[in-house]
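First the structure, in the form of structure tokens, and then the observations on it.
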Amino acid sequence: MKSQLTGLFMNFWISFSLALYFHTGEREEKCIIEDLPSDTLVFGNYKVQRWDVHKHHFLESAPGLGMYVTVSTPSGEVLLSKLYGPQGTFSFTSYLSGEHVICFQSNSTRLLAIAGSKLRIHLDIRVGEHFFDESAVQAKETVDEVNIRLEHLIEQIHHVSKEQDYEREREEKFRKTSEETNSNILWWAILQTLILVSVGIWQIKSLRDFFIAKKLV
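Heads up: the sequence shown runs through residues -19 to -1, 1 to 198, numbered per mature numbering (1 follows the signal peptide of the UniProt record, and there is no 0).
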């Protein structure tokens, strides 16, 4: 039971947050892949800064800088496509399980004309997170704070359960794929063996007919 709880909270901690940064050039599209279960809420916060790759420091931000954010489902359908500013927040809900592609592209065609200047995008993605609003708790004096925190915890547990169901689904698909691959390898080995046996029998028969024709036997 203790190991199950440990695994539950490790899964909870790892799957809820992703913070990173990356560099991109002029009109260059950068994408990341998030493997999500269905009916999962995703929040993304980003901030764009100009970065001097030679001097290793930030430059002054340029007016009019914007970022196109595009989110595609595993089937290729576009869930979100919108132009934001130099920093912003986006969100979407997955309705299919699988790999969702989140792409970023600058709207500027002349911002990076300065040699050695790139864009650094700081990105924070939270998966399945329902933010706990402390101010809302303080505002509702008649509501039991413990109940609100409990409801918040139940929502998080439901998400972890959904993540575990999705992992079991992926493991089942992987197991079926492995079994099909092993079966194909087995039949291919059997086919190769039959071919080798057939070729051996044909060679023996041809050699025997040759010896008989030459009256060597």
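C-beta atoms are modelled at their ideal positions from N, C-alpha and C, and glycine is treated no differently.
Tell me T158's beta-bridge partners as DSSP assigns them.
-> Note: T158 sits in no beta bridge, so no partner.
Express the C-alpha separation of Q86 and T74 in angstroms, rounding to a whole number.
-> 21 Å
Under the three-state reduction of DSSP, which class applies to D190: helix, strand or coil?
-> helix
Determine the contact status of Y76 and D20, defining contact as a CB-CB distance below 8 Å.
-> yes
For V108, which beta-bridge partners are listed by DSSP?
-> V23
Quick one: grab the DSSP three-state call for E58.
-> coil
Short Cβ contact (8 Å threshold) for H103 with Y49 = no
Spatial neighbours of L1 in its chain, beta-carbon cut-off 6 Å, leaving aside the 5 residues before and after = L104
Using the DSSP secondary-structure output, state which residues sit across from V29 in a beta bridge.
-> I102
Locate the beta strand (DSSP E) running through S89, then write down its first and last residues.
-> Where S89 is concerned, there is no enclosing beta strand (DSSP E), given that its DSSP letter is neither H nor E.
Between which two residues does the beta strand (DSSP E) carrying K11 extend?
-> E10 to L17
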